[in-house]
């Protein structure tokens, strides 16, 4: 666990870099977190995913699965894999300031 | 050598619900970790990519000691359907989709889905019997060529 400064705010992060407290997250942090995941520019499509994840997390208290993003969020699986290559659930959760997803789906 | 698995080929050879899902979950889970995946369906495992059958797979309630019900009871009419219904309900809670949706999802992750040619010939199946998410019907030799450089998992 370590503290880091993201977009001018000091936050706590776990060993893998996920934000410890999702409430610390602000939209301004997303581009920095995205760069750490190898995504240089966040497009509107990325933001659609990030915003859905944040909203669903607020409502359900857990990071949505890929299936939930598809069914409840209307985001096609293909798009998720194109937007967040090599690990969409983890990468998107990372950028959205949520913890590491625990589901297997 | 890389310290991470980069590619897996998963063989699904059984056609019961509990025979199919582990392979599908492992395939989807591998893609979620950025691992390349090929799925190879052989023998009764083909049922999971046959349009008319994929959403009618059943849990085996006979000859399955882990079900913890006596074999004779397991053989009663409707037992398999009941066990299947219960298991599907529990899986749905975990966001594990029905077979046809899961197959489509896995295909959309970029995984390759292939049917075993020997089995297709043996059961006299045709290309149109299969889901459109199937990438092809291939021989064992082609499967090995495709699996080069990765791990092979048999289920």
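Chains as they are written, first to last, in the working numbering: chain A, 1 to 105; chain B, 1 to 155. We treat Cβ as the ideally placed atom computed from N, Cα and C, and that holds for glycine.
By the criterion of at least three beta-carbon pairs nearer than 8 Å, the region 84-98 of chain B is not in contact with the region 113-132 of chain B.
Around residue 19/A, the same chain offers 11, 13, 25, 97 as residues with beta carbons nearer than 7 Å, after the five sequence neighbours per side are excluded. In this structure, the alpha-carbon of residue 35/A lies about 8 Å from that of residue 41/A.
Within the region 74-104 of chain A, contact with chain B at the beta-carbon level (separation under 8 Å) is assigned to 76, 77, 78, 81, 85, 86, 87, 88, 89, 90, 103, 104.
For residue 69/A, the number of other beta carbons within 10 angstroms of its own is at least 16, and it is reported as buried. Your pair residue 37/A and residue 95/A checks out as a contact, with CB atoms roughly 6 Å apart and the cut at 8 Å.
Among the residues facing chain A, residue 105/B is included, as its CB has a counterpart in that chain under 8 Å away.
Here the alpha carbons of residue 109/B and residue 73/A stand approximately 17 Å from one another.
The Cβ-Cβ distance between residue 57/B and residue 8/B does not fall below 8 Å.
Under a 10 Å Cβ-count criterion, residue 59/B is classified as buried, with 16 or more other Cβ atoms of the shown protein chains found around its own Cβ. Near chain A, meaning a CB-to-CB distance below 7 Å, the residues of the region 108-140 of chain B are 108, 109, 110. In summary, the residues of the region 57-69 of chain A whose CB is separated from some CB of chain B by less than 9 Å are 64, 65, 66, 67, 68, in the order they occur in the chain. Here DSSP, grouped into helix, strand and coil, assigns residue 26/A to coil.
With 16 or more neighbouring CB atoms inside 10 Å of its own CB, residue 21/B falls in the buried class. The Cβ of residue 25/B sits closer than 8 Å to at least one Cβ of chain A. Against chain A, the CB of residue 18/B has no partner CB under 8 Å away; the residue lies outside that interface.
Burial state of residue 75/B is exposed, judged by a 10 Å Cβ sphere holding fewer than 16 other Cβ atoms. For residue 96/B, the neighbours in chain A by C-beta distance under 7 Å run, in chain order, 105. Bridge partners of residue 104/A according to DSSP: none are assigned. Counting only runs that start and end inside the region 86-155 of chain B, the alpha helix (DSSP H) elements of at least 4 residues fall at 99-108, 117-122, 140-147. For residue 33/B, the chain A residues whose Cβ falls inside 9 Å of its Cβ are 86, 87, 90, in order along the chain. DSSP links residue 10/B through a beta bridge to 39/B, 153/B.
For residue 40/B, the number of other beta carbons within 10 angstroms of its own is at least 16, and it is reported as buried.
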